[in-house]
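With my numbering as the guide, the letters of the sequence shown map in order to residues 356 to 1307. All C-beta atoms, glycine included, are put in the ideal place defined by N, C-alpha and C. Reviewing the structure listed below.
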Amino acid sequence: MMRTGNLSTWLLQGTYPRLYVPIVLIILLVSGVRYHYLLQAETEEVHRHAAAELRRASDYLLPRLAAAPAADAATITSILHDGITQMGPGVQALTWEPSEPPQPHQGVQWPVTEVQASAPAPLAPAWFIPWLDIPQPLMQSAQRLADGSPGRLTITLHVQPLVDRVWSTVIVQARISALNIFTILFLLTLLLRANTRMLRRLAQATDGFRQGYLGTRMEVAGTLESRAMAEAFNDMAGKVQSLVLSLHETQRQQSEQLHFTRQLIDALPLPVFVRRADGTYLDTNRAWQRLFQAPVDPTGAHHASTVPEALAPEHSTQFASAQDNVVPIQPTNQPPLYMAYYEAPFTSTNGALAGTIGTLVDVTERKRAQEALQAEKERAEITLASIGDGVITTDLAGRIDTINEAAQLMTGFTAQQAVGRQLDDVFRLYEEPSSRNASTAAERDSQPGALQQATHEVLIHRSGERYAIEYTASPIRQHNGQAVGSVLVFRDVTEARNLRHQISWHARHDPLTGLYNRAALAERLTHALFVAHNKGLLLAVCMLDLDHFQAVNDAFGNRVGDRLLKETARRLGAYITPSDAVARMGGDEFVLLLGEQPDIPAIEARLVVLMQQLAAPYAIDNREVNTTVSIGVAVFPHDNASPDTLLRHADQAMCQAKSFGRNQLHVFDVQQDHAVQTQHTRQTRVAQALHAGELVLHYQPKVNLRTGEIIGLEALLRWQHPEEGLLGPQHVLPLVEDTELQVELGEWVLRQALAQMRQWTDAGMLWEVSVNIAAPHFHRPNFVPRLKDILHTCPEVSPTRLELEILETAALEDMQYMRSMMQSCQALGVRFALDDFGTGYSSLSYLKRLPAETIKIDQSFVRGILEDGDDLTLVQAIVALAAAFHRHVVAEGVETAEHAARLLELGCERAQGYGIARPMPAHDVLGWAREHAARHAARAVQDAATRRPAAA
């Protein structure tokens, strides 16, 4: 409430009084700004007024000066005085100043004429003048007098009249402003007094209302604002009075409701407590009191005393929401109880958490029943876990209730993953994907307790693995016979089934390669013949035989050979189509059935692709094995024979393919059958020729081109055929390749060469003889012992004079084995030569590792050294290699003297060829040797005679 006091107190109280001083300051500020601009405007106005006065004075005086009859000082002064009189008190001074002095001969002086007026009395105070920016008004004008003499008129005005003019205007405006300010302040004072009266009345009414007089009202009188304030207060007071009365009624009703709630809670048989959010207990009912023997305070409220730790405020919420919310309670002088704890939060009217209401429910009987049921369940689970069969139980909807450990292992689902899922999701059968839930099991039962049994089913493990099982399914029924679920019992019979399959598989398959065996092939061939006959298409029966497979076995062992057979079988299995079949006949022979073929070119095209695939290198045990295949084909119905005959014809075609040099394809026909028989006949004939002494050795000399010395001879096979005459080795060696006759022939050559060397030794000729050894013969494990025995048959011949020639390509097939064999033979004294050097890899590494004493340059390179630069470079490189590794080098195929001369230039001194001597019978060698020595001696004499004149 505002009270009357001194000015400072009055100004600082209330809103309107506090606005009084700012209003005054604003008025003063506005007045100051107004008078600032007023002074500027009035200053500009007096400047304009002064300029007008100066122009008026100039306009008045200048014409009179121009019309003056005489130019003397008196006349000028008179005109100036008259001007001051006419212009009024504003003019301060008038000055006439001649611009040019008078002529000297006149002798007259023209002084400056000045007339000044008296200063007027000032109206404005002296302090006012500095606030104005009014300079001294001054105006100068040039004018000629009547006699033509020029001069300058200066008019000067007083500043004081101008200041007085401004002062007068300011005084008038100040009076007006003072009146306005007084009026504003007067009205503001009246407003403040009215506001003070209104606030005093409001304060009085408020004090009465505060003291409890709810009927207090303000008088509606005074100004419009006072009446509005009184009406607003009276309306608010009425509403507050109604609200207070309503609040009293609500409090009464709440008190009655609390009393009723108190009685209701005490009447509940369940122990109940109420706890604040901070953990302090508000109330408990009588059941809680009886349970925990809590005391009752004088107000009648029950409070918690001994409470289990699980129900403490920091644990109760988590415990109540847990799945197992049962807490053991030990009442005084009573048996222990199991009680389930529940709680719920309650909030205040604004939604904030106010506390917790908790209760305990006696579940002792249920707990004991659950424990008994759990014990029974554990016994059942132990029983189920101890058996080897899988057991799954489901409810009526087919959802899994239990699954034992054996079932978990066979399905791949743990108990946590399987329980609650549909049976079809866990127990998945490959052959019968339909649902096996309890309802279907019950429907399939015609009598209670009947079993549904199935065998030869395949269970799919979660990982995709499959188990052969036998299972039984039976419904689970209540005492009234109603089905409530099902039980599924199954066992793993995979091992027994696999054993049966394995026995069946081994009866029809080759154990090494996994391909069909002869028995299965017979069935497939019979079926394929039937299909080909019905469809009118061709059936190709193909006999495949690996080339040089025995050499692979001899060189690398049976393990590598078996691996090679497996890899070949794998490639064959990847090659065939559903209408084809492949089987292993034994050893390195396979049979391939190509069904539904349109014609023979199509068959040949497919087999060419197969041969290319089988010819690709095999990577076995960090080594690369190369082999090819020979294929014989019998085509049905072109060869309309029985299955056995077709196989025999395919085998004959395969033998014919081998006779053509291996890695060949041959289709059987009558003519080819005859050719195969001819091949066997020829092989028999070669064997007969060997035993009948029709095979002979011819010898080709090897000489030193520089000295003419015969350094040795090469033994070459010839067939002295009784009907066809002398035949070369090409008529013998291909027929015996990869046969036992090849070894027999090789040993025969060694014996014949040693026998001939013994004869030459007796004749005094200690020539060395080279014998070509076939790679299969050399790779035989007993080659070294057999060679040793053969050497012992001719003790007169030193083993160092026997040289074994092996092909470079054969030597590179198994470098380590070849090196070992060569070293074993060299231990006997035998020497080695690499034949046809340059046709293989011819690398420094191979040359270093192979301990051969001699390198023979292939004749295909030697013949071209006169025309082909590449051959020349190659021969030169081989000679350089031999020299670098301290090897002898022999050039084959020397046809002319030019070849010999060129070889000497390249550093190759040893050679053989038709240009030196053709292969000859043994009995001609001595005669040729004598003739060769004579020719060389004659040539030496001739060369000496030629050199002597040249030297002279």
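Could you tell me how far apart the beta carbons of Y930 and P1274 are, in whole angstroms, since I believe they sit closer than 8 Å?
-> About 47 Å; that fails the 8 Å criterion.
Have a look at H1254, V1244, R1242 and K1211 and flag the residue whose alpha-carbon is nearest the alpha-carbon of L1227.
-> H1254
Can you give me the start and stop residues for the beta strand (DSSP E) that Q1075 sits inside?
-> I1065 to H1076
What's the call for A1005, buried or exposed, on a 16-neighbour Cβ count within 10 Å?
-> A residue is called buried when at least 16 other Cβ atoms come within 10 angstroms of its Cβ; A1005 meets this threshold and is buried.
May I have the straight-line CA-CA distance separating I755 from V716, to the nearest angstrom?
-> 32 Å
Output the distance between the C-alpha atoms of E825 and R783, rounded to the nearest integer angstrom.
-> 13 Å
Please decide whether N680 counts as near chain D, where near means a Cβ-Cβ distance under 8 Å.
-> The structure shown contains no chain D, having only a single protein chain.
Can you check whether the CB of R1218 is closer than 8 Å to the CB of G1248?
-> yes
How far does the alpha helix (DSSP H) with D1226 in it reach, from first residue to last?
-> G1224 to A1239
Exposed or buried, H1312, counting other C-beta atoms within 10 Å across all chains shown (16 or more means buried)?
-> The question about residue 1312 has no answer, for the chain in this structure spans 356 to 1307.
As assigned by DSSP and simplified to three states, the class of Q967 | helix
A497, enclosing alpha helix (DSSP H) - first and last residue = Premise fails: A497 lies in the beta strand (DSSP E), L493 to R499, not in any alpha helix (DSSP H).
Would DSSP call P992 helix, strand or coil?
-> coil
From P972 to T923, what does the alpha carbon distance come to, in whole angstroms?
-> For the pair P972 and T923, the Cα-to-Cα distance works out to about 11 Å.
So P1131 is in the alpha helix (DSSP H); what residue range does that whole segment cover?
-> A1130 to F1133
Neighbourhood of Q777 by C-beta, 7 Å cutoff - its chain only, sequence neighbours within 5 removed = Result list for Q777: G753 and R754, in chain order.
Tell me, please, whether the region 397–406 touches the region 467–477 by the rule of three or more beta-carbon pairs shorter than 8 Å.
-> no
Go to Y1172, then tell me how far its alpha helix (DSSP H) extends in each direction, as first and last residue.
-> M1170 to A1182
Nearest to G567 by CA position, among Q441, T538, L543 and L600, is which residue?
-> Nearest of Q441, T538, L543 and L600 to G567, Cα basis: L600.
Measure the C-alpha to C-alpha separation of V518 and H404 and round it to an integer number of angstroms.
-> Computed Cα separation, rounded: 12 Å.
When you compare only the Cα positions, how much space is there between I382 and L543?
-> Annotation: I382 to L543 spans about 13 Å, alpha carbon to alpha carbon.
Can you have a look at G337 and say buried or exposed, based on whether 16 or more other CB atoms are within 10 angstroms of its CB?
-> Residue 337 is absent from the structure shown; the chain starts at 356 and stops at 1307.
Going by CA-CA distance only, name the one from L487, W482, A407 and M494 that's closest to L449.
-> Ranking the options by Cα distance to L449, first place goes to M494.
Same chain, Cβ closer than 6 Å to A479, five either side skipped, listed in chain order | V518, D519 and W522
Element boundaries [beta strand (DSSP E), containing L1189] = R1186 to F1192
How would you label N705, buried or exposed, when you count the other beta carbons within 10 angstroms and need 16 or more for buried?
-> exposed
Between V946 and H993, what straight-line distance do the alpha-carbon atoms span, to the nearest angstrom?
-> 18 Å
Taking Cβ positions, are L969 and V984 nearer each other than 8 Å?
-> yes
Of the residues S676, L1189, E1069 and G1063, which one's Cα is nearest the Cα of E698?
-> S676
For the alpha helix (DSSP H) that N853 lies in, which residues bound it at each end?
-> T849 to R863
Rounded C-alpha distance that separates D485 from H391 = The residue asked about is misnamed: residue 485 is Pro in this sequence, not Asp. Each residue's alpha carbon lies about 13 Å from the other.
Could you check the C-alpha separation between S386 and Q528 for me, to the nearest Å?
-> 10 Å
Roughly how many whole angstroms lie between the Cα atoms of H1076 and S1014?
-> Rounded to the nearest whole angstrom, the C-alpha separation of H1076 and S1014 is 21 Å.
The beta strand (DSSP E) with L569 in it runs from where to where?
-> Counting along the chain, L569 falls outside any beta strand (DSSP E), and DSSP gives it neither H nor E.
Roughly how many whole angstroms lie between the Cα atoms of E428 and D414?
-> Looking at the sequence provided, one finds Ala at residue 428 rather than Glu. A direct Cα-Cα distance of roughly 21 Å separates A428 from D414.
So, F845 versus D744, is the Cβ gap smaller than 8 Å?
-> yes
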